[in-house]
Every structure is written in structure tokens, then in C-alpha cells.
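Trainee: For the sequence shown, the working numbering begins at 96 and goes up steadily by one.
Each residue gets a CB set at the ideal place from its N, CA and C atoms; glycine is no exception.
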Amino acid sequence: MMRAVVTMLAVLSLPALARAEAVDFNLVGKVLAGSRDKPVITISANEQTDGVEVVLTRDDGKVFKHKTGPLRPGATKSFPIPVTPGQERRFKGSMKVTVDGQAQSANFEFASEVVTPATITYDQVDLAAHTLVLKSTRETTKVELEVTSDEGQTLGQTEVTFDDAAAGAPLPVSWNQADGTVLKIAIKVHDPDGFYYGLELYPWRIDIPHEEVNFATNSFALDKSEEPKLDSSFEQISDAVARYGRWAEIKLYIAGHTDTVGDPRSNRTLSIKRARSISQHFRKKGLRVPIFYEGFGEEALKVATPDETDESRNRRADYVIAVEPPSIHGSASWKRLP
Numbered sequence: 096m097m098r099a100v101v102t103m104l105a106v107l108s109l110p111a112l113a114r115a116e117a118v119d120f121n122l123v124g125k126v127l128a129g130s131r132d133k134p135v136i137t138i139s140a141n142e143q144t145d146g147v148e149v150v151l152t153r154d155d156g157k158v159f160k161h162k163t164g165p166l167r168p169g170a171t172k173s174f175p176i177p178v179t180p181g182q183e184r185r186f187k188g189s190m191k192v193t194v195d196g197q198a199q200s201a202n203f204e205f206a207s208e209v210v211t212p213a214t215i216t217y218d219q220v221d222l223a224a225h226t227l228v229l230k231s232t233r234e235t236t237k238v239e240l241e242v243t244s245d246e247g248q249t250l251g252q253t254e255v256t257f258d259d260a261a262a263g264a265p266l267p268v269s270w271n272q273a274d275g276t277v278l279k280i281a282i283k284v285h286d287p288d289g290f291y292y293g294l295e296l297y298p299w300r301i302d303i304p305h306e307e308v309n310f311a312t313n314s315f316a317l318d319k320s321e322e323p324k325l326d327s328s329f330e331q332i333s334d335a336v337a338r339y340g341r342w343a344e345i346k347l348y349i350a351g352h353t354d355t356v357g358d359p360r361s362n363r364t365l366s367i368k369r370a371r372s373i374s375q376h377f378r379k380k381g382l383r384v385p386i387f388y389e390g391f392g393e394e395a396l397k398v399a400t401p402d403e404t405d406e407s408r409n410r411r412a413d414y415v416i417a418v419e420p421p422s423i424h425g426s427a428s429w430k431r432l433p
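#1: Should Val209 and Ala262 be called a contact, given that it needs their Cβ atoms to be closer than 8 Å?
#2: So, are the CB atoms of Val255 and Val238 less than 8 Å apart?
#3: Is there contact between the region 417–428 and the region 292–301, where contact requires at least three CB pairs shorter than 8 Å?
#4: If I follow the unbroken beta strand (DSSP E) through Ile282, where does it start and stop?
#5: Check each candidate in Ala264, Gly289 and Gln143 and name the one with the smallest Cα separation from Gly196.
#6: Hey, does Tyr297 have any beta-carbon neighbour from chain B nearer than 8 Å?
#7: Within 8 Å, do at least three Cβ pairs link the region 282–295 to the region 347–359?
#8: Given Ser139, which residues of its chain have a CB within under 6 Å of its CB, disregarding the five upstream and five downstream residues?
#9: Per DSSP, what kind of secondary structure is His376 in: helix, strand or coil?
#10: Taking 8 Å as the cut-off, decide whether the C-beta atoms of Pro134 and Val123 are in contact.
#11: Can you look up Lys125 in the DSSP assignment and give me helix, strand or coil?
#12: Count the other CB atoms within 10 Å of the CB of Ser434; is the residue buried (16 or more) or exposed (fewer)?
#13: Which whole-angstrom value is the C-beta distance of Phe186 and Arg153, which I expect to be below 8 Å?
#14: Would you check if the region 326–338 and the region 385–399 touch, i.e. whether three or more CB-CB distances between them fall below 8 Å?
#15: Tell me where the beta strand (DSSP E) around Ile138 begins and ends.
#16: Mind checking which residues open and close the beta strand (DSSP E) that includes Ser244?
#17: Would you grab the beta carbon distance between Lys319 and Leu266 for me? Rounded to a whole angstrom, and I think it's under 8 Å.
#18: For Arg184 and Phe391, what's the separation of their Cα atoms in angstroms?
#19: Select from Pro359, Asp402, Leu347 and Arg363 the residue whose C-alpha is nearest the C-alpha of Gln375.
#20: Are Glu389 and Trp429 touching if we call contact CB-CB under 8 Å?
#21: Would you call Asn271 buried or exposed, if buried means 16 or more other Cβ atoms sit within 10 Å of its Cβ?
#22: Comparing C-alpha positions only, which one of Gly275, Ile373 and Phe203 sits nearest to Asp245?
#23: At 4 residues or longer, what runs of the alpha helix (DSSP H) sit wholly inside the region 128–207?
#24: With the cut-off set at 8 Å, would you say Thr193 and Asp145 are in Cβ contact?
#25: Please state whether DSSP places Glu66 in a helix, a strand or coil.
#26: Could you round the C-beta distance between Ala412 and Arg363 to whole angstroms and report it? I think they count as a contact, below 8 Å.
#27: Identify every residue that forms a DSSP beta bridge with Leu432.
#28: Using only alpha-carbon positions, find the residue among Asp334, Val356 and Ala343 that is nearest to Asn313.
#29: Let me confirm a value: Ser407 is counted as buried when at least 16 other C-beta atoms fall within 10 Å, else exposed. Which label applies?
#30: From what residue to what residue does the beta strand (DSSP E) around Ile301 run?
Here you go:
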């Protein structure tokens, strides 16, 4: 998940302007692409003003002129700053303020940009050693990190500063941590322009112990006699959701597995359908959290066996409560149950 501060407000002081107190001059020079904010100059009148003229000369030589009419106290007027997303442009400007027929001017310079938001990635997460490595597609000045337990308590915090680390450079972060089960690692990565980008990691999961449901050969239909096994699991899942759901958006993941009897493609298809049958039962029982299911066929054997081996321990399902998709085996295509 990525969150960011979407505006940075810079206020230019114009000490050379004798009548500067007549107006406030505010510049929003840099904003994030995709946000509601735009680069803009805003003039706010503090007293009756005959008019304000702003002239901007961009670094490519283009000139942009803006004028106001008379401004009453409290009135505002905004002028857009012409920039293209992803490219920083420099401007030289002048502002002339006229009050009671007397005009005075001042010059100023600034840079403006519609900033492309950074993409933050992570690697080498070691929960035992309390370390991880981040990377950002923009320069980085600081990383903040907070670790929260599955009981909502703060287990650790840190702040690491960087000397304008280059885009793509590894950003190693380590922290001290109290005892507890980690639910969430919240991260903020700051760039030199005053923006930050949020990332939340959820290295937390609960595997629900359960008695395996028996399906008829080549069938995914759930027999009535097997439902009590699922009802027991439903109670455990509901208890976990009630306990941890206040701290994060809990989801249930059902993963189906088969033994090696039959061809791999058919086994995978069968395991998907069986996982869906189990998921549907939990939904009918009243479980309202998001439910996802996937089948792995004979790809993730609990007990290694030769092909065409009837092994009951491999005919199983995983019931996992987590915030993010759990790692079961290789790449998975989790399907959300309606």
C-alpha cells in the first residue's frame, strides 16, 4: 500500500517590495502527479489593492503574464504554473502590486515540478534480526518505521536518515523490538522535496488447525457427514477474526492439495474446486470477511511420494488467516469468493 503527502507549500518572502504587506504571495511549486493539487501561485489581498501583475519567464524562454483587477481585503487570485509532469522547470518572475495608484515591484526565482510518485520496494526482510532493505525510485532523505503487534501494541520504532540516497540505492533499516508477534510494519520513505510514501507490510498469519474433510474420489461435493469438521474450524476462524480484526483487514485463504494419483492438470483443477467448496461452506455459515481460495494440486506435497501414490496426508487443505496473501507454493492466483 503507498500513501504520500500530496502538496508542499512554499511561501516566498519579497523583502524588496515596499507594499508586500498589502498582499500575501503563496507558491505551491511541487505537487505529486495524480493528486488534486496543481502548481499554482496564489495572491491574497490584506487591504484594498488596485491590482497585481505577475510575470513568469520559464527556463525555455516562454513568458506567462497574469493580471488581477482591484482586490478587496480577503480576496484571492490564483495563477497556474505551466509545467509538464515528471520534469522540473525553473522560473524567473516579477510581481507588481499597485495600491492607491502607487506601484512597486520585486523579482523572484523558483523551481516547479509535478513529481512522479516514488515506487517503494522491499527485500531481505529478516524478522528475527529486525532488518530489511528498501529501494525507492526517487532520492531518499529519511525512513521511518514502526512495528505493531497482533495486540495493537508498538513493539519497535526507528528513524534512519540518508544523505540524499540516490534513486534505486539500497536503504538498509534495522530496529530494536520488544517481544511479541508482529502484525504490521509501517514504513514512511521521505524524499528531498518534502513528500513521503507509505508502505505497510503484514508478515503475519495464523494457520487454523483442523480435521481434514474427506471428498469422494474425483468429487468436490461436500458430503453432509463432513460438515461438522468444518463447523469446528469455523468457530476457530470466527474467534481469530474477532480478536485481530480490529487491528487490520483480516482475510481467510483456503488452499487445496491432492496426492499424486491422476494427472497433474486434473489434480490442480480438482483442488481448486474443493477449496472453493470449503470456502462456500464458511460463507454460508456466516463468515463475512473476504475469502480467497486456490488449488495447488500435487505441487506442494506434504509427504514426498512417487507418481500415482495414494497418500492421505497429501489430500488436505490449508486454512490461513492473514492480511496479505500467504506464501504456500510458488506463484498463486487467489480467487475471491463472492
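Mentor: Inspection of the coordinates gives the following:
#1: no
#2: yes
#3: yes
#4: Val277 to His285
#5: Gln143
#6: Reference to chain B is not applicable here, since this structure consists of a single protein chain.
#7: no
#8: Asp119 and Thr171
#9: helix
#10: yes
#11: strand
#12: Examination of residue 434 is not possible in this model, given that the chain is present from 96 through 433 alone.
#13: 6 Å
#14: no
#15: Val135 to Ala140
#16: Thr235 to Ser244
#17: With 8 Å as the limit, Lys319 and Leu266 do not qualify as a contact, their Cβ atoms being about 55 Å apart.
#18: 53 Å
#19: Leu347
#20: yes
#21: exposed
#22: Gly275
#23: none
#24: yes
#25: Residue coverage of the chain in this structure runs from 96 to 433, which leaves residue 66 outside it and unanswerable.
#26: With 8 Å as the limit, Ala412 and Arg363 do not qualify as a contact, their Cβ atoms being about 14 Å apart.
#27: For Leu432, which the question treats as bridged, DSSP gives no partner whatsoever.
#28: Val356
#29: exposed
#30: Arg300 to Asp302
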